[in-house]
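Engineer:
In my numbering, the protein residues as written are 26 to 174.
(1) Could you compute how far the alpha carbon of residue 100 sits from the alpha carbon of residue 54?
(2) What residue does the alpha helix (DSSP H) around residue 152 start on, and which one ends it?
(3) Are residue 78 and residue 47 touching if we call contact CB-CB under 7 Å?
(4) For the alpha helix (DSSP H) holding residue 164, just list the boundary residues, first then last.
(5) Starting from residue 98, trace the alpha helix (DSSP H) both ways and give me its first and last residue.
(6) What do you get for residue 121, buried or exposed, if any count of 16 or more other CB atoms within 10 angstroms of its CB means buried?
(7) Helix, strand or coil, according to DSSP, for residue 115 in the structure here?
(8) Can you tell which of 174, 163 and 51 has the C-alpha that lies nearest to the C-alpha of residue 116?
(9) Is it the case that the region 157-174 contacts the region 125-136, given that we only count it when at least three CB pairs across the two stretches are under 8 Å?
(10) If you reduce the DSSP assignment to three classes, tell me which class residue 141 lands in.
(11) Are there 16 or more other CB atoms within 10 angstroms of the CB of residue 74, so buried, or fewer, so exposed?
(12) Check whether the Cβ atoms of residue 50 and residue 87 sit closer than 7 Å, and answer yes or no.
(13) How many Å lie between residue 30 and residue 104 at the Cα?
(14) Are at least three pairs of beta-carbons, each pair with one atom in the region 57-70 and one in the region 138-151, less than 8 Å apart?
(15) Can you grab the Cα-Cα spacing for the pair residue 69 / residue 36, in whole Å?
(16) Measuring only the C-alpha atoms, how far is residue 109 from residue 33?
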């Protein structure tokens with residue numbers, strides 16, 4: 026466990042870097058869904074292009090960065106003296122992370138609907154859902170930095 030304490034700044038840095046990459050994808054993928062829904066006809070060359078962009082964003086950026094965020098976050102949790110599970114902030118952050126992971130999976134399911142040609146959601150619905158990661162990010166950051174509870 027002493028190794029974790031000495032490696033803490035590096036692990037925390039890698040955690041923050043992976044979270045930034047994950048968040049970028051969580052903000053951008055629903056925006057792609059908005060444009061895909063509102064501007065692209067199914068079965069066209071542009072539809073295939075959007076599906077390619079969505080797939081690469083999810084598979085090459087979002088999935089690896091989510092896994093890295095979880096991995097480095099769990100290592101931080103195991104580092105002695107970092108997380109006080111008796112405080113509410115830690116549980117609020119965990120709830121936000123679980124919500125963020127749910128949203129990631131929700132986006133993955135929506136991408137499959139575009140592939141199957143079964144998307145039924147409007148651009149407005151995707152715009153509204155695009156606010157979910159913002160709200161969760163606020164909960165997480167305020168919980169960790171301000172620790173109001």
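Cβ coordinates follow ideal geometry from the N, Cα and C atoms, glycine included.
Structural biologist: Straight from the coordinates:
(1) 28 Å
(2) Run containing residue 152: 148-154, per the alpha helix (DSSP H) assignment.
(3) No, these two residues do not count as a Cβ contact at 7 Å.
(4) 157-170
(5) 88-103
(6) buried
(7) helix
(8) 174
(9) yes
(10) helix
(11) exposed
(12) yes
(13) 6 Å
(14) Result yes; three or more Cβ-Cβ pairs closer than 8 Å.
(15) Approximately 45 Å between the Cα atoms of the pair.
(16) Rounded to the nearest angstrom, the two C-alpha atoms are 16 Å apart.
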